[in-house]
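Numbering (the numbering used here), first residue to last: 695 to 833. Everything on this sheet refers to the single structure shown next.
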Amino acid sequence: MVIHGGAGTILREHMTPELEAAYMDGLRAGLDAGYGVLHEGGAAVNAVKAAIVVMEDNILFNAGRGSVFTKKGVQEMDAAIMNGATLEAGAVAGVRNVRNPIMLATEVMLHSNHVFLSGKGANDFAIKQGVKLEPDEYF
């Protein structure tokens with residue numbers, strides 16, 4: 695399993711040892727979640743989703759809670775997932791207030807006639823599917 699902590703550049707000279715340790719702990723937690731699913735015999739797609747949820751919930755990573763702000767000062771998030779065994783895929787872009795965009799992408803993959811939803815349509819689908827939303831302050 696390979697993961698990364700989101701887009702962007704953090705120069706080592708701007709990072710304290712404590713912050714570096716926090717990033718490494720967050721990455722390990724994501725890997726542990728994914729490997730836990732595999733260890734229990736779960737599907738690879740579910741392992742990926744488990745790893746990403748952990749990282750989306752960690753404010754350090756540019757995903758979910760830690761997503762960077764747009765020029766307008768809001769967070770618009772993207773996520774995509776694919777099941778290599780079935781070639782099913784789901785993706786979302788420009789979603790707001792979705793706690794875990796990967797969960798919404800999974801809903802698109804499993805419960806939509808589409809592969810990709812964006813913006814208001816994706817947010818409306820999140821509400822319809824009961825995907826967890828958070829207020830702006832969460833992010």
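Every residue, glycine too, gets a C-beta built ideally from N, C-alpha and C.
For residue i, verify whether its CB is less than 6 Å away from any heavy atom of the ligand ATP.
| i | result |
| --- | --- |
| Ala741 | Of ligands this structure carries none, so the ligand ATP is not represented either. |
Do residue i and residue j have their C-beta atoms within less than 7 Å of each other?
| i | j | result |
| --- | --- | --- |
| Glu770 | Arg790 | yes |
| Gly720 | Asn752 | yes |
| Ala745 | Gly760 | no |
| Ile775 | Ala799 | yes |
| Ala723 | Val696 | no |
Name the two residues that bound the continuous alpha helix (DSSP H) containing residue i.
| i | result |
| --- | --- |
| Asp830 | Note, Asp830: premise wrong, no alpha helix (DSSP H); not H, not E. |
| Phe819 | Gly813 to Gln823 |
From the options, pick the residue whose C-alpha is nearest to that of residue i; which is it?
| i | options | result |
| --- | --- | --- |
| Asp830 | Gly767, Gly728, Lys743 and Gly700 | Gly767 |
| Val762 | Phe810, Val747 and Gly702 | Gly702 |
| Ile821 | Ile753, Tyr832 and Pro795 | Pro795 |
| His808 | Asp751, Asn817 and Gly784 | Gly784 |
| Phe833 | His733, Asn740, His698 and Leu754 | Leu754 |
In three-state terms, what does DSSP make of residue i?
| i | result |
| --- | --- |
| Ala738 | helix |
| Val809 | coil |
| Gly720 | helix |
| Met771 | strand |
Per DSSP, which residues does residue i bridge with? Please list them.
| i | result |
| --- | --- |
| Met776 | Ala783 |
| Gly788 | Gly788 pairs with nothing; no bridge assigned. |
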